[in-house]
Amino acid sequence: MSQRPTVKRDISFSNPAVRAWLFQIIAIAAVAGVALYLVHNTIINLANRGITSGFGFLERSAGFGIVQHLIEYSEGDTYARVFLVGLTNTLLVSALCIVFASLLGFFIGLARLSDNWLLRKISNIYIETFRNIPPLLQIFFWYFAVLRNLPGPRQAMNAFDIAFVSNRGLYIPWPQYADGTWPFVMALLLAVAASVALFRFNRAHQLKTGRLRRSWPIALAMLVVFPAVAHLIFGAAMHWDVPHLRGFNFRGGFVLIPELAALTLALSIYTSSFIAEVIRSGIQSVPHGQHEAARSLGLPNPVTLRQVIIPQAMRVIIPPLTSQYLNIVKNSSLAAAIGYPDMVSLFAGSVLNQTGQAIETIAITMGVYLIISLLISLLMNIYNRKIRLIER
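Going letter by letter, the sequence shown gives residues 16 to 407 in this note's numbering.
What follows is the structure, given as structure tokens:
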């Protein structure tokens with residue numbers, strides 16, 4: 016039997032593959048060496064200045080108040096609690112801006128494609144104006160020029176003596192838990208589950224027999240009747256804490272402070288101008304033949320847009336829309352300019368100044384924004400994979 020000829024591998028420096036691996040190893044070693052040098056140098060400098068490192072400072076008492084907090088907080092709470100307050104405030108303003116910017120951007124983008132000349136020009140002016148003004152200037156405009164010039168609490172504008180607007184913020188009634196809260200929630204969840212099951216059953220019946228059954232009247236009745244029965248049996252699910260003027264300010268209810276309102280307005284309007292262009296380009300990317308095919312079937316324009324155009328356009332819209340959502344989260348750090356208590360203002364500002372733990376506080380703050388951005392990207396990518404075209 017003939018033996019196979021042995022192939023000798025060239026492991027000399029003249030081999031391009033060997034050179035490539037060697038250069039990569041040298042690059043990795045150089046980066047690791049620089050990182051170790053920086054860490055070692057930092058540790059020595061901290062020790063020479065008497066600055067302790069570590070995260071033990073999170074257990075110490077903060078000793079300062081926070082004007083807005085979604086969770087319970089007092090001045091005697093720890094810096095870890097301050098971190099949670101800043102995190103929830105950041106998530107709050109990011110969520111509000113994402114929702115408002117998406118809704119506003121969607122309608123402005125559709126208006127940009129409208130057949131109405133006036134509506135099209137107004138949307139064009141809106142987009143070209145707000146996307147070319149820096150977001151920080153827009154925040155300053157809403158905060159200093161608009162909200163801070165509202166009347167004081169004693170001259171506050173009110174709506175039926177239950178909601179008040181002043182330069183201290185918007186005060187609205189806020190629900191408080193009562194004995195019937197959990198039965199009400201369970202009844203509402205049961206009604207939602209029954210409604211979903213009804214819609215699916217009627218949908219399957221339509222596909223099988225071709226007969227259409229209306230589901231929404233029964234579903235609406237269940238959403239009203241089930242919680243009402245729970246209210247009659249177990250009592251009220253909540254009672255309302257109505258704000259009232261006491262001294263120089265309002266007490267009770269929920270307050271939307273001017274800083275949050277200015278930040279939400281500015282970032283929502285600024286980002287919506289970019290989202291509007293994303294929506295417009297996504298709709299225009301759908302071939303015009305899809306419009307003609309829907310028109311030939313006799314579909315009205317709203318149905319064509321909702322059932323034919325938008326589902327196809329979403330495949331183009333989602334990637335740039337994800338970038339705009341990430342920009343909202345990152346631009347929310349501009350809240351420090353007007354004193355809104357978010358992560359940057361509270362943790363990377365007040366906590367850093369009091370403790371001197373610059374490396375730890377900045378690292379935690381950067382890590383929070385990184386994790387939030389990665390989670391948004393993950394969720395949007397999951398949705399993008401669900402709506403993608405599957406090729407045979």
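The beta carbon of each residue, even a glycine, is placed where N, CA and C say it ideally should be. Note that the structure is a prediction, hence the values are computed from the model and not measured.
Check whether residue i and residue j have beta carbons under 8 angstroms apart
{"i": "SER287", "j": "VAL331", "result": "no"}
{"i": "SER296", "j": "LEU119", "result": "no"}
{"i": "GLY101", "j": "MET381", "result": "no"}
{"i": "ASP194", "j": "PHE249", "result": "yes"}
{"i": "THR103", "j": "LEU85", "result": "yes"}
{"i": "ILE187", "j": "PHE269", "result": "yes"}
{"i": "PHE98", "j": "GLU375", "result": "no"}
{"i": "ILE142", "j": "ALA352", "result": "no"}
{"i": "GLN221", "j": "PHE289", "result": "no"}
{"i": "SER109", "j": "ILE379", "result": "no"}
Distance between residue j and residue i (C-alpha atoms, nearest Å)
{"i": "THR224", "j": "VAL211", "result": "20 angstroms"}
{"i": "GLU274", "j": "VAL293", "result": "28 angstroms"}
{"i": "THR337", "j": "LEU367", "result": "31 angstroms"}
{"i": "ARG183", "j": "GLU90", "result": "21 angstroms"}
{"i": "GLY354", "j": "LEU213", "result": "49 angstroms"}
{"i": "PRO302", "j": "TYR398", "result": "23 angstroms"}
{"i": "GLY304", "j": "VAL323", "result": "11 angstroms"}
{"i": "ILE148", "j": "LEU312", "result": "44 angstroms"}
{"i": "ILE386", "j": "LYS345", "result": "12 angstroms"}
{"i": "TRP197", "j": "HIS246", "result": "10 angstroms"}
{"i": "ASN316", "j": "VAL161", "result": "39 angstroms"}
{"i": "LEU271", "j": "LEU227", "result": "46 angstroms"}
{"i": "PHE265", "j": "GLN170", "result": "12 angstroms"}
{"i": "LEU51", "j": "TYR158", "result": "45 angstroms"}
{"i": "LEU205", "j": "PRO334", "result": "36 angstroms"}
{"i": "ALA32", "j": "ALA42", "result": "15 angstroms"}
{"i": "ALA363", "j": "MET237", "result": "49 angstroms"}
{"i": "VAL207", "j": "TRP132", "result": "43 angstroms"}
{"i": "ARG34", "j": "VAL49", "result": "23 angstroms"}
{"i": "ILE377", "j": "ALA62", "result": "19 angstroms"}
DSSP three-state assignment for residue i, whether helix, strand or coil
{"i": "ILE187", "result": "strand"}
{"i": "GLU274", "result": "helix"}
{"i": "ARG75", "result": "coil"}
{"i": "LEU314", "result": "coil"}
{"i": "SER338", "result": "helix"}
{"i": "LEU393", "result": "helix"}
{"i": "PHE179", "result": "strand"}
{"i": "PHE265", "result": "strand"}
{"i": "HIS84", "result": "coil"}
{"i": "ALA44", "result": "helix"}
{"i": "TYR192", "result": "strand"}
{"i": "LEU53", "result": "helix"}
{"i": "LEU227", "result": "coil"}
Boundaries of the beta strand (DSSP E) in which residue i is found, first to last residue
{"i": "ARG163", "result": "Here ARG163 belongs to no beta strand (DSSP E), and DSSP marks it neither H nor E."}
{"i": "HIS254", "result": "253 to 256"}
{"i": "LEU361", "result": "Element bounds for LEU361: n/a, residue is neither H nor E."}
{"i": "ASN173", "result": "172 to 174"}
Own chain residues within Cβ distance below 6 angstroms of residue i, not counting five before or after
{"i": "PRO242", "result": "PHE199, ALA202 and LEU203"}
{"i": "GLY80", "result": "GLU90"}
{"i": "PHE121", "result": "ILE294"}
{"i": "ALA309", "result": "THR319 and VAL323"}
{"i": "ALA328", "result": "GLY297, ILE298 and VAL301"}
Same chain, Cβ closer than 8 angstroms to residue i, five either side skipped, listed in chain order
{"i": "PRO190", "result": "MET253, HIS254, TRP255 and ASP256"}
{"i": "PHE156", "result": "ALA281"}
{"i": "MET16", "result": "Interpretation of MET16 is limited by its pLDDT of 48, a score under 50 that renders its predicted location unreliable; the figure taken from the coordinates is listed afterwards. Around MET16: no qualifying Cβ."}
{"i": "PRO326", "result": "ILE402"}
{"i": "LEU73", "result": "THR93, TYR94, ALA95 and PHE98"}
Run of the alpha helix (DSSP H) containing residue i, from where it starts to where it stops
{"i": "LEU111", "result": "94 to 127"}
{"i": "ARG218", "result": "196 to 224"}
{"i": "ALA236", "result": "231 to 249"}
{"i": "ASN139", "result": "132 to 145"}
{"i": "ASN368", "result": "367 to 370"}
{"i": "PHE155", "result": "150 to 155"}
Cβ shell of residue i (< 7 angstroms), same chain only, five flanking positions each side left out
{"i": "LEU134", "result": "ALA126"}
{"i": "GLY167", "result": "SER181 and ASN182"}
{"i": "TYR192", "result": "MET253"}
{"i": "GLY78", "result": "GLU90"}
{"i": "VAL82", "result": "ILE272 and PRO356"}
{"i": "TYR88", "result": "ILE81, ARG96 and VAL100"}
{"i": "VAL114", "result": "none"}
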